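Contents: one structure, followed by commentary.
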Amino acid sequence: MQDQAQDRGDEEGVDAVGPDSTSWIDRDPEFHLDAVCRIAAALFRVPIVLVPLADTDFLPLKAGPGTGEAEQDRDDAVSSHHIAGETDRPVVIRDLLADPRFADHPLAKGEFQARFYAGMPLAHRPGHRAGTLCLIDTVPRPDFTEEQLLQLRDLALIVTGHLRLHDANVEREAELCERQRVTSILTRREALLRAALDSQRMAEEIAGFGHWRIHIPEGRVEWSEGMARIHGRAPVDPARIPLDEHLAFYHPEDRERVRWHLDEAVAGVGAFARDDYEHRSRIIRPGGECRVVTERGIVERDPTGAIRAISGICLDVTELARSDQHLRETTNLLRITLESIDEGLVMVDMDDRVRVHNERLNLLLDLPPGMLHDGAPFDDVRHFIAERDGTLPAVLDRGVRDARRERGEAGATGEHQQRDETLLELCGVPLADGSTVYTFADVTARQMAERSLRESEASYRLLADFLPQMVWITNDRDDTTYCNRHCDRYYGRPLVSLLERVESYHPDDRDRVYGDVCDRHKAWQDYDFEIRIRRADGVYRWHKVSKRPIRLLDGAPGWLATALDIDDIITARIALERTGDLLRLAQDAAEAGVWEWDLVTGRVWQSQESARMQGLPLDEADPAAGLSMTMEEWERNVPDDDVIRVRNEARRAIATRTNHRVEFRALHPSTGECRWFQGFGRAVLDPRTGEVCRFVGMNLDITARKETEEAFRASDARLRVSEERLALALDSGRDGLWDADLQTGAVWFSDRSQSMLGYEPGEFGKSFSYVQSLIHPDDMAACHVAATAHFEGRLPAFEIEVRVRNKVGGHSWLLARGKVVTRAADGAPIRFVGTYIDITARKEADQRIAHLARHDALTGLPNRSVFHDRLKQVLATVRNGGCATAVLCLDLDRFKAINDTLGHLAGDTLLKVVAERLTDVVKPGDMVSRLGGDEFGIILVDLDRSDQAAEIARRVIDSIAQPIKLDGQLANIGISIGIAHAPADGLEADPLLRHADLALYRAKAGGRNTFRVYEAGMDAAIEERLQLEVDLRQAVLRGDLILHYQPVVDLETDTVSGVEALMRWPHPTRGMIPPATFIEIAEETGLIIDLGNWALREACREAASWTHSARIAVNVSAMQFREPGLEQCVIMALSASGLAADRLELEITESVLIQDTEAVIGCLHRLRYLGVRIALDDFGTGYSSLSYLRQFPFDKIKIDRSFIREIADADTAAIVRAIVGLGERRGTTITAEGVETRAQLDLVRAEGCGEVQGYFFSKPVSARDLPGVIARLSCAERAA
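Okay, so the sequence shown: first residue is 340 according to the working numbering, each after it adds one.
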């Protein structure tokens, strides 16, 4: 029997699932077979069990959980094969998606996502199949066993017994009806005729057909209501129309053919000689829609044989015609696909005759024409191959095939060499019905490619063994799969694992390389690195390792690596770098720069030091590379007479082939400073011509020597002249010059030094005491210390930044530098000479930068860093016995809403106004700081009373509460404040700030726009809350949360119409935690999304298993609506559980609709379109409830429990009455929440509420206890 139940592969099996077999899923079952279906659903653990029965043309569905209608066209039914076929074997399709015949079927792809189907035919009587007992599951069932199949057969026998009993009852009832009809036919003819007409209309409506009658003598046609419905027209009264008008409804191309059929029927000739009438044609509906109909009729004659009328029925077969067309197209597509594949294919049946093949097989086997055709014996092909090639492949051997089938083995594969040396790969696969499919593939080219690849690999391995580099290949785990001989010689042994290779790396290089290697491995990128690797003798040598990602022979990822020994190169490079460093140090010490002059190209290269000495620009990216320039570019910075001298010396050296030596001046390109240099050059001869081709040498900065020489040559008079020239030069620049005689106290200032302070020449005093009077008092001591240290020889020069009063009375910052140039024999200073420059602008910029670094750029308030430093200072004073202080942490309320609606500029203006108001509230000495965003901090010092901080907080709240004008609009905000005192709450800055933050948190939780003073218990409360958050996360991961259910009672019928799913958390140590405690935490942490989705799935799963049909209500949070996957989550929950969509009710609060209302309303409409009911929970607690009712037609409104609690109050009762009236006008169910007493129940019933929910009926209970509660309420209602 198990073999008979395998997936069918013939045409009969293909027809087992029609082109559109999901329409019968929603058919209503009949209750006399429903018990069998429930037993089957529990026994086989499937969500859908059906008992579709069949007559000639339709497939009535008589039983099945979750179905809705009564009949289904045979061509649309999964089990139609067992009704029309010739076999009584069951059909089992373990995975619809895995079977290419059914992978795209609507049953598998549609809303129900069916994956498994099993059907057992119902043998009503010998030779007649009454229907099928069907099992359907949404998951594959590869484990469907022989024992289960026998159990399904037994259940089918029970159903068959029910059907036979039903037939017996029907026959008995028919006999009784017949006796009654005979005895009362004369008196009830008219009533029976009327009943017959009603039955006819009902049958037409149910079966979808119509009947007609053509009155031949009158030339008129009588239509039934079903006929008019098929034609898309309203029933006519009287229901007779002219024959021509009747014919006009047919398609123009079919009209004459229909008339011809009628004429032949009237004449009784041709196919209508037996008075039968039948044809298929098209009709046109009023909207232009074309439908296909089949009409059958008979000719009515009077006793004389004359034709009186033609009567018949009309059946709309449009969908059947489309299915036939689709089947033809699909068959053609399969044939095209079969002919397009590159393999030869043939299927032979149990009798070893060919049933399916393609032309590619003829080409591969070179068969004689006509040998291979449908129905041909496959033994002819076997004999042909054996005779031509001298052997028959074992795969094709019939005896081998039958033996493997008897042993229950799967298909076989093999290869066969043909006479022309073509290599074929053969595969034989047995099918469940006894047939076998053989495939033939030409693998000659592949075999040659593999042989070539093996030869190529051997060549490359030989080549790799002779390479000087180490070469190895690793897999994706970095284990070595190949290495060349050089690898083994270097290491002295094979290295297989990554750990062995890493251990061979130098310890100082491992960390440097390992991280980069791991990153590149993950990214599967090429990379190179240099590393020291230990040789077999223990010596470390430098190698350059290169790794490239590759695909190994099996297609898996791997790495090709090479290691080139570069130890000699690295050693040389290190030596070269050491030499270069020494050369640079020597240049720096000697203030010398190296240069090279290429006489062939005319370019001059300057070293970094040489370019720096001459002020030539270097490449910032690589200054060590020096500077390359043309000789003409270099000469631009050299005076003309010096250029001539350099050129003449170069010509002499070239002519004499000797070295050259020359002195020259160079001007700094930016500052114009002139410096003296002495150049030494060595001539380098071209080995081919013997001529000088370049000079290599160095430049020495001899400016100091030149100046010394000039000083020695000049006399005292010339020195004075030189000083005057220097003064003139300084006057023309930005430096001021001064010269002081320390013995007489006289001071000389240059004109530039006087104008720098706003004085005209001659206005400035000329004594030391006058200069001291201008120095800022705060700088006098530092100036005296610096001067004394220089005068005593402890500092080589005098240098200080000092503030000096200018002519207008302000102070200018000066950078003064000076040096004693003349001393007495005992070392006492005599002459003190120096310069100063105005640095006021720089100092002011530094002060601005320092201010910005410690203050908020927007409000100008001190920032968090300054606030923290100031708090530390104040607390240090408190620790030393100072007055008490307090810290206030402040956070603006509704700032984000204003920032989002009015814009960031308005938000910045608001922050400035808040900063000004805060500053106005505190006293001098207190500090107001902006800590970031909309957070501020205040330090209150010198507090005499403990309540002073609270008074300041109240004044701050009152000040901030005043309206603020932003962009022409008045904005109102609030502020929440947390207060911590020192020393009472701590004497360290960080703990004190944390305590103020805790108090702020309590203030915001207490309703905002208020303040809280820190209390010792707040720490414990916060820690407890944090621990609760950790426990909740673990509970979500472990699945510890459960659902309880509270009934909803319909007051009109006094029955339980639904239940609401409510989340509960059984904590392992705290016991049952109420939702009010953990739901708030879940919303703040984002866990509410996972919890909500779990509750939706779990509630649907539980509700689908209930025997009653009550709706299940699930609360959906606002955060779930902000996620894009809510609709998909609802669909998946319904699909996985099998729960009907109209039994699911989603409850939302007004908070869901506050943000992005348009998107939420769109989502609600889509969910409602699926059949899901939408309820508005806690109605009346929001500020825009009525506006939401205008935007969306809620199925239910739940009045908040706060109204029910006060319903005895007349005003509250009036509100409830108004809500009920609103619901009645909108057709919306009104549910009263929180009914706890009989008095409340009577009042809400009197006000007209349709449903109630509350502790009066039941508290929320577990799923296990819910059936008992519902039974108790049902008994109580019946008793009432």
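Idealized CB from N, CA, C, for every residue including glycine. The model shown is predicted, which means the values in this text are computed figures rather than measured ones.
Any idea if A1421 is buried or exposed, counting beta-carbon neighbours within 10 angstroms, 16 or more meaning buried?
On the sequence shown, position 1082 is the one that residue 1421 refers to. Buried, since its Cβ has 16 or more Cβ neighbours within 10 Å.
- request: Sort S620, L955, R1209, L472 by Cα distance to T592 and report the nearest one.
  value: By one-based count along the sequence shown, residue 592 stands at place 253. Here residue 592 is Glu; the residue named in the question, Thr, does not match the sequence. Of the listed residues, the one whose Cα sits closest to E592 is S620.
**Request:** Whole angstroms is fine: what's the gap from G1607's alpha carbon to H1447's?
**Result:** Taking the sequence shown and counting its residues from 1, the one referred to as residue 1607 is at position 1268. Taking the sequence shown and counting its residues from 1, the one referred to as residue 1447 is at position 1108. For G1607 and H1447, the distance between alpha carbons rounds to 12 Å.
Outcome for V656 when other beta-carbon atoms lying within 10 angstroms are tallied against a minimum of 16: As a first step, residue 656 must be located in the sequence shown, where it is residue number 317. The residue is buried, with at least 16 neighbouring Cβ atoms inside 10 Å.
Let's see if you can read the secondary structure: which residues bound the beta strand (DSSP E) around I555? Stepping through the sequence shown from its first residue, residue 555 is reached at position 216. Here I555 belongs to no beta strand (DSSP E), and DSSP marks it neither H nor E.
| Are the beta-carbon atoms belonging to E617 and E634 less than 9 Å from one another? | One-based indexing of the sequence shown puts residue 617 at position 278. One-based indexing of the sequence shown puts residue 634 at position 295. For E617 and E634, yes; Cβs fall inside 9 Å.
Just how far apart, CA to CA, sit I545 and G571?
For the purposes of this step, residue 545 is taken as residue 206 along the sequence shown, with counting starting at 1. For the purposes of this step, residue 571 is taken as residue 232 along the sequence shown, with counting starting at 1. C-alpha separation (whole angstroms): 16 Å.
Taking only the alpha-carbon atoms, compute the straight-line gap between R851 and V1205 and give it to the nearest angstrom.
-> Here the question's residue 851 lines up with position 512 in the sequence shown. Here the question's residue 1205 lines up with position 866 in the sequence shown. Distance between the alpha carbons of R851 and V1205: 40 Å.
Exercise for review: Tell me whether D414 sits in a helix, a strand or coil according to DSSP, three-state version.
Suggested key: Taking the sequence shown and counting its residues from 1, one reaches residue 414 at position 75. In this prediction, D414 has a pLDDT of 43, which is less than 50 and means its spatial position is unreliable; what the coordinates show is noted afterwards. If DSSP states are grouped into helix, strand and coil, D414 belongs with the helices.
| Run through DSSP, which three-state label would P732 get? | Taking the first residue of the sequence shown as 1, we reach residue 732 at position 393. P732: coil per DSSP, three-state reduction.
Between the C-alpha atoms of D1283 and V1261, what's the straight-line distance to the nearest angstrom?
-> Here residue 1283 is taken as the residue at index 944 of the sequence shown, counted from 1. Here residue 1261 is taken as the residue at index 922 of the sequence shown, counted from 1. In a straight line, the C-alpha of D1283 is about 15 Å away from that of V1261.
For E1274, I'd like the list of residues in its chain whose CB is within less than 6 Å of its CB, leaving aside the five on either flank, ordered along the chain.
In the sequence shown, residue 1274 corresponds to position 935, counting from 1. Taken in chain order, the residues that qualify are D1230.
| field | Exposed unless 16 or more other CB atoms sit within 10 angstroms - verdict on G1166 | value | Taking the sequence shown and counting its residues from 1, one reaches residue 1166 at position 827. Exposed is the call here.
inquiry  = Taking the alpha carbon of H600 as the reference point, which residue from I1418, R640, S1474, I649 has its own alpha carbon closest?
reply    = For this step, residue 600 is matched to residue 261 along the sequence shown. H600 has its Cα closest to that of I649, out of I1418, R640, S1474, I649.
query = Is the closest heavy atom of the ligand ADP to the C-beta of L735 under 8 Å?
reply = For the structure depicted, the ligand ADP is absent and the ligand set is empty, with no information on it obtainable.
Next on the checklist: Mapping the DSSP letters down to three states, classify A1310 as helix, strand or coil.
Outcome noted: As a first step, residue 1310 must be located in the sequence shown, where it is residue number 971. In this structure, A1310 counts as strand in the three-state DSSP scheme.
Excluding five sequence neighbours on each side, which residues of the same chain lie with their C-beta closer than 7 Å to the C-beta of H1334? For the purposes of this step, residue 1334 is identified with residue 995 of the sequence shown, where counting begins at 1. Only A1319, D1324, G1325, Y1353 meet the Cβ criterion.
Original post:
Which same chain residues, not among the five before or five after M1402, have their C-beta less than 7 Å away from its C-beta?
Top reply: Counting from 1 along the sequence shown, the entry for residue 1402 is found at position 1063. Closer than 7 Å at Cβ, skipping near neighbours: L1380, L1382, P1414, L1430, A1434.
### Query
Considering only C-alpha positions, which residue in the set A1163, R1507, D741, M809 is nearest to W881?
Numbered from its first residue, the sequence shown carries residue 881 at position 542. When only C-alpha atoms are compared, the closest one is M809.
Discussion item. With DSSP as the reference, identify every bridge partner of A1085, one or two as the case may be.
Written reply: Position 746 of the sequence shown, counted from the first residue, corresponds to residue 1085. DSSP, once it has assigned bridges, lists D1080, S1106 as partnering A1085.
Notebook entry, point to check: How about L1367 and I1412: do their beta carbons lie closer than 9 Å?
Noted result: In the sequence shown, counting from the first residue as 1, residue 1367 sits at position 1028. In the sequence shown, counting from the first residue as 1, residue 1412 sits at position 1073. Yes, the pair counts as a contact, with Cβ atoms nearer than the cut-off.
When the distance is taken between beta carbons, is P1201 closer than 9 Å to Y1384? Taking the first residue of the sequence shown as position 1, residue 1384 is located at position 1045. Taking the first residue of the sequence shown as position 1, residue 1201 is located at position 862. No.
Q) On the premise that G1173 lies in contact with W1077, defined as a C-beta separation below 8 Å, what is that separation, rounded to the nearest angstrom? A) Looking up residue 1077 in the sequence shown gives position 738. Looking up residue 1173 in the sequence shown gives position 834. Contact holds; Cβ gap of about 6 Å.
- Comparing alpha-carbon positions, which option in E486, L491, T484 lies nearest L461? Here the question's residue 461 lines up with position 122 in the sequence shown. Ranking the options by Cα distance to L461, first place goes to L491.
Q) Are the segment 555-562 and the segment 581-588 touching by the rule of at least three beta carbon pairs closer than 8 Å? A) yes
**Report entry** Residue burial classification, C857 (beta-carbon count within 10 angstroms, cutoff 16)
**Finding:** Translated into the one-based positions of the sequence shown, residue 857 becomes position 518. Exposed is the call here.
Ordered list of beta strand (DSSP E) runs contained in the segment 1103-1154, each at least 3 residues | Counting only runs of 3 or more residues that sit fully inside the segment 1103-1154, the beta strand (DSSP E) segments are 1137-1144, in chain order.
### Task
May I have the straight-line CA-CA distance separating G1501 from Y1508, to the nearest angstrom?
On the sequence shown, residue 1501 is found 1162 positions in, with the first residue counted as 1. On the sequence shown, residue 1508 is found 1169 positions in, with the first residue counted as 1. Computed Cα separation, rounded: 11 Å.
Assuming N697 and L684 form a contact by the criterion Cβ under 8 Å, report the distance between their Cβ atoms to the nearest whole angstrom. Within the sequence shown, numbered from 1, the residue matching residue 697 stands at position 358. Within the sequence shown, numbered from 1, the residue matching residue 684 stands at position 345. Sure, about 5 Å apart at Cβ, within 8 Å.
Apart from the five residues just before and just after R1142, which ones in its own chain have a Cβ nearer than 8 Å to its Cβ? Locating residue 1142 in the sequence shown gives position 803, counting from the first residue. Same-chain partners within the cutoff: I1114, H1115, D1117, D1118, H1150, S1151, W1152, L1153.
- Item | Extent of the continuous alpha helix (DSSP H) to which R1187 belongs | Translated into the one-based positions of the sequence shown, residue 1187 becomes position 848. Its alpha helix (DSSP H) spans residues 1179-1193.
- prompt: Count the other CB atoms within 10 Å of the CB of E1497; is the residue buried (16 or more) or exposed (fewer)?
  reply: Indexing the sequence shown from 1 puts residue 1497 at position 1158. Exposed is the call here.
**Prompt:** What separation, rounded to the nearest whole angstrom, lies between the Cα atoms of A1300 and L1492?
**Reply:** The sequence position of residue 1300 within the sequence shown is 961, counting from 1. The sequence position of residue 1492 within the sequence shown is 1153, counting from 1. Distance between the alpha carbons of A1300 and L1492: 28 Å.
Item to complete: Tell me, to the nearest whole angstrom, how far the beta carbon of G1562 is from that of I1569; I am working on the premise that it is less than 8 Å.
Response: Taking the sequence shown and counting its residues from 1, the one referred to as residue 1562 is at position 1223. Taking the sequence shown and counting its residues from 1, the one referred to as residue 1569 is at position 1230. The Cβ separation is near 4 Å, so the contact holds.
- Query: Rounded C-beta distance between E1590 and L1390? I'm assuming under 8 Å.
  - Reply: If you number the sequence shown from 1, residue 1590 lands on position 1251. If you number the sequence shown from 1, residue 1390 lands on position 1051. Yes, E1590 and L1390 are in contact; Cβ-Cβ is about 6 Å, under 8 Å.
Practice item. Can you grab the Cα-Cα spacing for the pair A1310 / A1245, in whole Å? Key: Counting from 1 along the sequence shown, the entry for residue 1310 is found at position 971. Counting from 1 along the sequence shown, the entry for residue 1245 is found at position 906. Spanning the two alpha carbons is a distance of roughly 10 Å.
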